[in-house]
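Chemist: First, the structure itself, so that you have it in front of you.
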Amino acid sequence: MSTDSTNFETIAIRLREEKTKNREHTTPIYLTSSFTFEDAEQARALFADEIGGNIYTRFSNPNNNEFIAKLCALEGAEDGIATASGMSAMFTSMASFLKAGDHILASRSVFGSTHQIISQLLPRWGITYSYADIDKPDTWEGLIQPNTKMIFIETPSNPALDIIDLEWLGKLANKHKVLLNVDNCFASPYLQQPLKWGAHIVTHSATKFIDGQGRVIAGAILASKEIIKEVRFFARHTGPSLSPMSAWMLSKSLETLAVRMDRHCENAFTLAKYLEKHPDIELVKYPFLPSHPQYAVAKKQMKQGGALVTFVVKGGIDRGRTFLNSVKLMSHSANLGDTRTIVTHPASTTHSKLTDDDRKQVGILPGLIRISTGLEHIDDLIADVEQALVASKSANSTD
Ligand SMILES: Cc1ncc(COP(=O)(O)O)c(C=O)c1O
3 MSTDSTNFET IAIRLREEKT KNREHTTPIY LTSSFTFEDA EQARALFADE IGGNIYTRFS
63 NPNNNEFIAK LCALEGAEDG IATASGMSAM FTSMASFLKA GDHILASRSV FGSTHQIISQ
123 LLPRWGITYS YADIDKPDTW EGLIQPNTKM IFIETPSNPA LDIIDLEWLG KLANKHKVLL
183 NVDNCFASPY LQQPLKWGAH IVTHSATKFI DGQGRVIAGA ILASKEIIKE VRFFARHTGP
243 SLSPMSAWML SKSLETLAVR MDRHCENAFT LAKYLEKHPD IELVKYPFLP SHPQYAVAKK
303 QMKQGGALVT FVVKGGIDRG RTFLNSVKLM SHSANLGDTR TIVTHPASTT HSKLTDDDRK
363 QVGILPGLIR ISTGLEHIDD LIADVEQALV ASKSANSTD
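Note that the numbering used here has the sequence shown beginning at 3, numbered continuously upward.
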C-alpha cells in the first residue's frame with residue numbers, strides 16, 4: 003500500500019488495499035475469520051514469518067491493515083496494530099514492555115481507566131508507578147528511577163486540557179533510555195504527531211475523533227517496526243484485535259478527518275472566546291487561548307487548539323449541574339470526538355473513580371464542565387449555551 007502524495011488529506015483518502023478482480027472503488031469488508039493457504043509450503047512460510055500475508059483475523063486482516071497503514075502514514079510511524087478499544091491499546095502498549103520489578107512514570111492527568119490500569123492493575127503484577135504533574139516539568143527527571151521503563155502521558159490531558167512539551171519530554175526519555183508512550187486521542191494525528199517530537203509509541207482511542215461519528219469503539223498502537231514487533235507478539239497471543247467491520251468504518255472515517263478537525267477546532271475556538279468574555283463564567287481553558295497556562299507549548303506542537311473546551315460556571319457545582327440539565331441541543335453524554343456536541347461533568351462520570359484529592363491535583367474542579375465541540379452551526383451551539391446559562395441562573399436564584 004502506498005501513495006505518491008505526502009499530503010495528509012490525500013494519504014487519508016487514497017492509501018488503500020489493492021483492488022480485487024471486481025475493480026471496486028471502495029475496499030470491501032473482509033468479514034472472514036481465517037484465510038486459505040495456496041499450499042503446504044505457503045502455510046509453513048507464513049507461520050515462520052518468512053513471507054507476509056494474512057493467516058487469521060486475530061493476527062491481521064485486509065481492513066485492519068488498510069486502517070493501520072493510513073494511521074501510520076498520518077502519524078509518521080513505521081508500523082502499528084489496531085485494537086478493539088482505546089483501553090486495549092493503552093493496556094497492550096504497557097503490558098508488551100513492562101514486567102515485575104519495572105516502574106512506569108505517568109502524568110497524573112490521565113483518563114480514568116488509564117489511571118485504574120496504572121494504579122490498580124499493573125501493581126498486581128509487581129509493576130510500580132509514580133505520577134508527575136504536567137505543569138511542573140522540572141519535577142519529572144527526579145521521578146525517573148533506575149527501573150523506569152516507560153513514561154506515559156496524554157497531551158492535551160483529559161479533561162483538564164493541560165499540555166506538556168513533547169520535544170523536551172522526548173529528549174528526557176532518550177537520555178534515560180525510557181520509552182515515551184503518548185495517548186494522542188485528544189489531538190488526533192491531524193493536529194499533533196508525537197513521534198516527530200521524540201515519542202516512541204503513540205496510542206489512540208480511535209473511538210474519538212478518528213471515528214468521529216459516535217459509532218465505533220476502537221484503538222491503535224503506532225511506533226517503529228522494532229517496537230511493534232514486541233506489541234504484535236503480545237497482541238497476537240492475547241487477542242485485543244479489532245473487528246474488520248470496525249476497521250473498515252475507521253478507514254472511511256479517516257478520509258474526512260482533516261475537514262472534520264478543521265471545523266471542530268473552528269467551532270471550539272469560537273465557543274472558547276465567547277465563554278471567556280461571558281460574565282457568568284469563572285474559568286475557561288482552551289489550548290489556543292493566550293490565557294492557557296501552556297499556550298506557547300500548544301502553539302509549538304499543535305496545528306490548532308482541538309475540539310475540547312473546559313469551563314466552570316459561576317455559582318459552583320449546583321449551577322453546573324443545572325446547566326447540564328438545561329442544555330437542549332447539545333448531548334449530555336460521557337463520550338467526546340463526535341459530530342454532535344457533547345457536554346460532560348467529569349467529576350461525577352469519567353473521573354468519578356479518582357479520589358477528591360486526585361481530582362483536585364489534576365485540575366478537575368467539582369464544577370468543571372467539558373464540552374466536546376461538534377460540527378453543528380456555531381450560532382446554534384452558542385445559543386444553546388446561552389439559554390442553559392440563563393436557565394441555570396434563574397433556577398439557582400430561586401433556591
Ligand atoms: C484520553 C483517552 N484515552 C483513552 C480512552 C479510552 O478509549 P476507549 O473508550 O476507546 O476504550 C478515552 C476515552 O474513553 C480517552 O478519553
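C-beta atoms are modelled at their ideal positions from N, C-alpha and C, and glycine is treated no differently.
Treat the numbers as computed from the prediction; the structure is a model and nothing was measured.
(1) What three-state label does DSSP hand Leu383 in the structure shown?
(2) Measuring alpha carbon to alpha carbon, tell me which residue in Gln363, Leu326, Thr209 and Ile155 is nearest Asp340.
(3) When we look at the beta-carbon of Thr400 and count the other beta-carbons within 10 Å, is it buried (16 or more) or exposed?
(4) Pull up the distance between the alpha-carbon of Ala300 and that of Gln389, whole angstroms please.
(5) Can you determine whether any heavy atom of ligand 2 sits closer than 7 Å to the C-beta of Met263, and answer yes or no?
(6) Can the beta-carbon of Thr155 be found closer than 8 Å to that of Tyr131?
(7) Taking Ala222 as part of the beta strand (DSSP E), name the residues at either end of that continuous run.
(8) Roughly how many whole angstroms lie between the Cα atoms of Ala86 and Ile219?
(9) What's the gap between the Cα of Met96 and the Cα of Asp104?
(10) Might you give, ordered along the chain, the residues of its own chain that have their beta carbon closer than 7 Å to the beta carbon of Ala349, omitting 5 neighbours on each side?
(11) Could you please give the first and the last residue of the uninterrupted beta strand (DSSP E) stretch that includes Ile70?
(12) Would you mind listing the beta strand (DSSP E) stretches within the region 109 to 174 that are 3+ residues and don't spill past its ends, in chain order?
(13) Based on Cα-Cα distance, which residue from Thr34, Ile384 and Leu338 lies nearest to Asn160?
(14) Taking only heavy atoms of ligand 1 into account, decide whether any of them is closer than 7 Å to the Cβ of Cys187.
(15) Return the bridge partner residues of Phe313 from the DSSP annotation.
(16) With 16 as the cutoff for other CB atoms within 10 Å, does His353 come out buried or exposed?
(17) Where Ile15 and Lys21 are concerned, what is the direct C-alpha to C-alpha distance, given to the nearest angstrom?
(18) If contact is defined by three or more beta carbon pairs under 8 Å, each pair taking one atom from either stretch, is the region 372 to 383 in contact with the region 270 to 290?
(19) At which residues does the alpha helix (DSSP H) containing Thr272 begin and terminate?
(20) Got a sec, what are the start and stop residues for the alpha helix (DSSP H) Asn327 sits in?
(21) Determine, using beta carbons only, whether Ile146 and His178 come nearer to each other than 8 Å.
(22) What span of residues does the beta strand (DSSP E) with Val180 cover, start to end?
(23) Just the C-alpha distance for Pro125 and Pro242, rounded to the nearest angstrom, thanks.
(24) How big is the Cα-Cα spacing for Gly78 and Thr38?
(25) For Ala45, which of helix, strand or coil comes out of DSSP?
(26) With a CB to CB cut of under 6 Å and the five nearest residues on each side skipped, what residues in its chain are close to Tyr288?
(27) Taking only the alpha-carbon atoms, compute the straight-line gap between Lys138 and Gln296 and give it to the nearest angstrom.
(28) So what does DSSP say about Leu391, is it helix, strand or coil?
Modeler: Let's see:
(1) In the displayed model, Leu383 falls within a helix according to three-state DSSP.
(2) Nearest to Asp340 by alpha-carbon distance, out of Gln363, Leu326, Thr209 and Ile155, is Thr209.
(3) Since pLDDT at Thr400 reaches only 42, below the 50 mark, its modelled position is unreliable, and the value read off the structure follows with that caveat. The residue in question, Thr400, is exposed, as its Cβ has fewer than 16 Cβ neighbours within 10 Å.
(4) If you take the alpha carbons of Ala300 and Gln389, they lie about 31 Å apart.
(5) In terms of ligand content, the structure shown lacks ligand 2 and carries ligand 1 instead.
(6) Note that residue 155 is Ile in the sequence shown here, rather than Thr. Not in contact: Ile155 and Tyr131 (Cβ atoms no closer than 8 Å).
(7) Note, Ala222: beta strand (DSSP E), Gly221 to Ala225.
(8) Between Ala86 and Ile219, the C-alpha separation is close to 7 Å.
(9) Cα to Cα, the separation comes out at about 11 Å.
(10) Closer than 7 Å at the Cβ level, and outside the excluded window around Ala349, lie Arg361, Ile366, Pro368 and Leu370.
(11) Boundaries around Ile70 are those of the alpha helix (DSSP H), Pro64 to Glu77, since no beta strand (DSSP E) includes it.
(12) Restricting attention to beta strand (DSSP E) runs no shorter than 3 residues, the region 109 to 174 encloses them at 130 to 134 and 150 to 156, ordered along the chain.
(13) If we check each option's Cα against that of Asn160, Leu338 comes out closest.
(14) Judged by the Cβ position, Cys187 qualifies as a neighbour of ligand 1 at the 7 Å threshold, a heavy atom of the ligand being closer than this.
(15) Val286 and Ile371.
(16) Looking at its Cβ environment, which holds 16 or more other Cβ atoms inside 10 Å, His353 is buried.
(17) So the alpha carbons of these two residues sit roughly 15 Å apart.
(18) The region 270 to 290 makes contact with the region 372 to 383, as at least three CB pairs between them are under 8 Å.
(19) From DSSP, the alpha helix (DSSP H) with Thr272 extends over Leu259 to Lys279.
(20) Residues Gly318 to Ser328.
(21) Contact: yes.
(22) According to the DSSP assignment, Val180 belongs to no beta strand (DSSP E), since it is labelled neither H nor E.
(23) Pro125 and Pro242 have their C-alpha atoms roughly 21 Å apart.
(24) Each residue's Cα considered, the two are about 32 Å apart.
(25) Looking at Ala45 - three-state DSSP - the assignment turns out to be helix.
(26) Same-chain partners within the cutoff: Ala274, Gly307 and Val311.
(27) The alpha-carbon of Lys138 is positioned some 11 Å away from that of Gln296.
(28) The answer is helix: DSSP assigns Leu391 an H, G or I state.
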